[in-house]
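*Asks:* Take this structure first; my questions come after.
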Amino acid sequence: MSTAQTMGFQTEVKQLLQLMIHSLYSNKEIFLRELISNASDACDKLRFESLQYPELLAEDTELRIRVSYDEANKTITIEDNGIGMSREDVIAHLGTIARSGTKEFFASLTGDQQKDAQLIGQFGVGFYSAFIVAKQVQVLTRKAGLAANEAVKWVSEGQGEYTIDTVTKESRGTSITLFLNEDGEEFLNGWKLKEILRRYSDHISLPVQMPKEEYDQEAQTMKKSNEWELVNQANALWTRNKSDISEEQYKEFYKHISHDFNDPLTWTHNRVEGRSEYTQLLYIPKNAPFDLYDRDAKHGVKLYVKRVFIMDDAEQLLPNYLRFVRGIIDSADLPLNVSREILQESRDVKTIREGSAKRVLSMLEDLAENRPADYASFWAEFGQVLKEGLGEDQSNQERIAKLLRFASTHDEQATQTVSLADYVSRMKEGQDKIYYIVAESFANAKSSPHLEIFRKKGIEVLLLSDRVDEWALNFFKTFEGKSLVSISKGGLDLAAFEDEEEKKHQEEVAENVKPLVERLQTVLKDRVKTVEITNRLVDSPACVVVGQHELSPHLLRMLKSAGQEIPDIKPTLEINPNHALIEKMKQVNEADFADWANVLLDQAMLVEGAQLENPAEFVQKLNRLLASV
């Protein structure tokens, strides 16, 4: 009875195949890198499983990858004796993309081949890259531990469906045969394949082999023998001396472990000895992966113990705010049967985590100091994530703070180029605080009425608009002895920047507007905590502030949109006694005064990014006032 089935690809797979074949066409040889990388992973996983179940290796204990080609049939075959796949594995891995954030990723594709190629590179194409050069792909695989007659054959032409069948295979592992299309025939060349394999596999610890070829003088062609020869060095790159590793080899190893098409921005390679002994090879990518902010996505570096692969995405080895880092950590101290639960409790892991975090921060400090253009590129991609470290990593908080970049009123055309050290170096005489404002967007921040007095006095203010900003600054209060102060909170003291004449004038207008303050307080008592006079405004009639330790309207709105319960916080309404609108309100009759007061408050709330409970009522009041003018 036949077990063959024809099945359709998941929609996202079909979309990826079409985009990939067209967008990555100019870099066809990456199919070999991706398939070798997958074969290497399969062998690593078997080596790890065999620690607990040695019978999986049986008699075939030498793990390896073999690549061969057949000019007559126009095929290339990549074969490994790794973990292999069952029928269920094949359907799950070759027919679907089981990855969170997949739909969002495809929504971000633009149709521009060059831009899409970069995005696809960040997403990772793996096995599907075979269809760049193949008109048909055949996979023959048998999972370690299954019987010979439980092997699986998978065949597809990459057009939307595939055929899967149960067959017999004498040995475990996976064999992938590519039936090359016309453009892929250029790879039917032993010398070219070896050159590509050396470039893409010199850094992996497994032997990559090809049939030995000798030149036949009589036939004047290369003749293959039955003997296999080693193509790569077959020792793990991170175990070599740094002086023996070229820059190109470091870059290729990064692409191998990350499946990123771009070169890394920078990297660090170190052997650490002492209480805990380990090797780290850590990379900073150029571009953020599509799922950087996906809570369900797995992030982390690869963990090896004594050169034996243990797990991908070992998130315990680096703090979460450094989840963009790629690389490997090879421990000499952890047990080979280490689990994620053990990692959470291990003292050695804590030492590795602390040491690796410090090493990454050193990398970033070097980048910021010696390659500012590259650091600006890093900040644009990963700055928001690094800011999370202010709350997550108290021991390195000061170092993280020095790496932060902000927009500021010093140059409102530039976004996020100002360091806290830059700000401190420009502080006015007598200034002992670092002033900042948080808003929903950069445009809202730089147009906030809270900035008016600071612009008038020439005092620089940091303009913060990232979602993480207000949360992060709750954990960071001082920098080099200078307090960080939000200018949108109450209790703002600018007395040091006022002369005696200004102070005297403030006292006079405060007395003059006192009756109006009392009227506003009476009308708005259910909506505001209090009404006060302020000197922070120059061109605006009013603004709202909250206490130094209370949530701002902007943050309350974010929490509400996230479905969280929010506290009922009444703001303080501050009025500008010198504004023409406030002067006019002194003369408003009792019948219209409530409308004036509520519209004044609603306008101030809107500027702060708050949502009005009844927008229609606000419009009605505003229309009545306009009609009465």
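All residue numbers for the sequence shown refer to UniProt numbering, where the first residue is 1 and numbers rise by one.
From the three backbone atoms N, C-alpha and C, an ideal C-beta is built for every residue, glycine too.
(1) To the nearest angstrom, how far is the alpha carbon of residue 620 from that of residue 593?
(2) Count the other CB atoms, across all protein chains shown, that sit within 10 Å of the CB of residue 6; report buried if there are 16 or more and exposed otherwise.
(3) Hey, out of 345, 286, 346 and 337, whose CA is closest to residue 325's CA?
(4) Quick check: the segment 337-352 against the segment 86-94, are there 3 or more CB pairs under 8 Å?
(5) For the alpha helix (DSSP H) that contains residue 38, what are its first and last residues?
(6) Taking residue 468 as part of the beta strand (DSSP E), name the residues at either end of that continuous run.
(7) Given a cut-off of 8 Å on the beta-carbon distance, is the pair residue 408 and residue 333 in contact?
(8) Report the rounded CA-to-CA distance for residue 262 versus residue 251, giving the unit in angstroms.
(9) For the segment 517-530 against the segment 454-473, do three or more pairs of beta-carbon atoms, one drawn from each stretch, fall closer than 8 Å, so that the two count as touching?
(10) Would you check if the segment 229-238 and the segment 190-199 touch, i.e. whether three or more CB-CB distances between them fall below 8 Å?
(11) Rounded C-beta distance between residue 36 and residue 78? I'm assuming under 8 Å.
(12) Comparing alpha-carbon positions, which option in 543, 535, 65 and 401 lies nearest residue 481?
(13) Take the Cβ of residue 515 as the centre, count every other Cβ of all protein chains shown within 10 Å, and call the residue buried at 16 or more, exposed below.
(14) Are there 16 or more other CB atoms within 10 angstroms of the CB of residue 441, so buried, or fewer, so exposed?
(15) For a quick check, are the C-beta atoms of residue 434 and residue 450 less than 8 Å apart?
(16) Note down the Cα distance separating residue 184 from residue 134, rounded to an integer number of angstroms.
(17) Using DSSP with H/G/I as helix, E/B as strand and the rest coil, what is residue 385?
(18) Taking C-alpha atoms, which residue in 531, 355, 270 and 349 lies nearest to residue 242?
(19) Following a CB-centred definition, is residue 90 positioned closer than 7 Å to any heavy atom of the ligand HEM?
(20) Under a three-way DSSP split, which group does residue 340 fall into?
(21) Are there 16 or more other CB atoms within 10 angstroms of the CB of residue 176, so buried, or fewer, so exposed?
(22) Could you tell me whether the Cβ atoms of residue 179 and residue 136 are closer together than 8 Å?
(23) Quick one: using the 10 Å Cβ neighbour count with 16 as the cut-off for buried, is residue 617 buried or exposed?
(24) Assign residue 3 to one of two classes, buried (16 or more other C-beta atoms within 10 Å of its C-beta) or exposed (fewer than that).
(25) Looking at the structure shown, is residue 253 part of a helix, part of a strand, or coil, going by DSSP?
(26) Residue 175 by DSSP, collapsed to three states: which one?
(27) Take residue 445 as the anchor and find which of 490, 452 and 465 has the nearest alpha-carbon.
(28) Quick check: the Cα distance between residue 573 and residue 596, rounded to an integer number of angstroms?
(29) Along the chain, where does the beta strand (DSSP E) containing residue 313 start, and where does it finish?
(30) Opposite residue 216 in the DSSP bridges: which residues?
(31) What residues match up with residue 211 in a beta bridge as DSSP calls it?
(32) Can you find the residues in the same chain that come closer than 7 Å, C-beta to C-beta, to residue 122, ignoring five residues on each side of it along the sequence?
(33) Could you name the residues of the same chain whose beta carbon sits closer than 8 Å to that of residue 91, not counting the 5 residues immediately before and after it, in chain order?
(34) Rounded C-beta distance between residue 258 and residue 236? I'm assuming under 8 Å.
(35) Are the CB atoms of residue 282 and residue 356 within a distance shorter than 8 Å?
(36) Any chance you could list the alpha helix (DSSP H) runs of at least 4 consecutive residues sitting entirely within the segment 479-566, in chain order?
*Replies:* Looking at the atomic coordinates:
(1) Spanning the two alpha carbons is a distance of roughly 15 Å.
(2) Label assigned to residue 6: exposed.
(3) Of the candidates 345, 286, 346 and 337, the one whose C-alpha sits nearest the C-alpha of residue 325 is 286.
(4) With fewer than three CB-CB distances shorter than 8 Å, the segment 337-352 does not count as touching the segment 86-94.
(5) Its alpha helix (DSSP H) spans residues 30-52.
(6) Residue 468: not part of any beta strand (DSSP E); DSSP gives it neither H nor E.
(7) Against a cut-off of 8 Å, the Cβ pair of residue 333 and residue 408 comes out as no contact.
(8) Going from the Cα of residue 262 to the Cα of residue 251 covers about 9 Å.
(9) No, they do not touch.
(10) With contact defined as three or more Cβ pairs closer than 8 Å, the segment 190-199 and the segment 229-238 are in contact.
(11) Residue 36 to residue 78, Cβ: 7 Å. Contact.
(12) Checking every option, the nearest Cα to that of residue 481 belongs to 401.
(13) Residue 515 sits exposed, since fewer than 16 C-beta atoms from the chains shown fall within 10 Å of its C-beta.
(14) Residue burial is scored here from C-beta neighbours: residue 441 has fewer than 16 other C-beta atoms within 10 angstroms and is therefore classed as exposed.
(15) Taking 8 Å as the Cβ cut-off, residue 434 and residue 450 do not qualify as a contacting pair.
(16) Computed Cα separation, rounded: 7 Å.
(17) Shown here, residue 385 sits in a helix according to DSSP, grouped into three states.
(18) Put simply, of 531, 355, 270 and 349 the residue whose alpha carbon is nearest the alpha carbon of residue 242 is 270.
(19) This structure lacks the ligand HEM, and indeed carries no ligand of any kind.
(20) Note: residue 340 maps to helix in three-state DSSP.
(21) Classification of residue 176: buried, given that the 10 Å Cβ count is 16 or more.
(22) Their beta carbons are under 8 Å apart, which means residue 179 touches residue 136 by this criterion.
(23) Residue 617 comes out exposed.
(24) Label assigned to residue 3: exposed.
(25) DSSP, reduced to helix, strand and coil, places residue 253 within a helical segment of the structure shown.
(26) Correct three-state label for residue 175: strand.
(27) Considering only alpha carbons, the answer is 465.
(28) Using only the alpha carbons, I get a separation of about 14 Å.
(29) 308-314 is the extent of the beta strand (DSSP E) around residue 313.
(30) DSSP links residue 216 through a beta bridge to 221.
(31) Per DSSP, 228.
(32) Note that residue 122 scores 45 on pLDDT, short of 50, meaning its location in the model is unreliable; the coordinates nonetheless yield the value given after this. Answer for residue 122: 260, 287, 289 and 290, listed in chain order.
(33) Around residue 91: 7 and 164.
(34) With 8 Å as the limit, residue 258 and residue 236 do not qualify as a contact, their Cβ atoms being about 16 Å apart.
(35) Result yes, Cβ atoms of residue 356 and residue 282 sit closer than 8 Å.
(36) You should have 500-512, 514-523 and 553-561.
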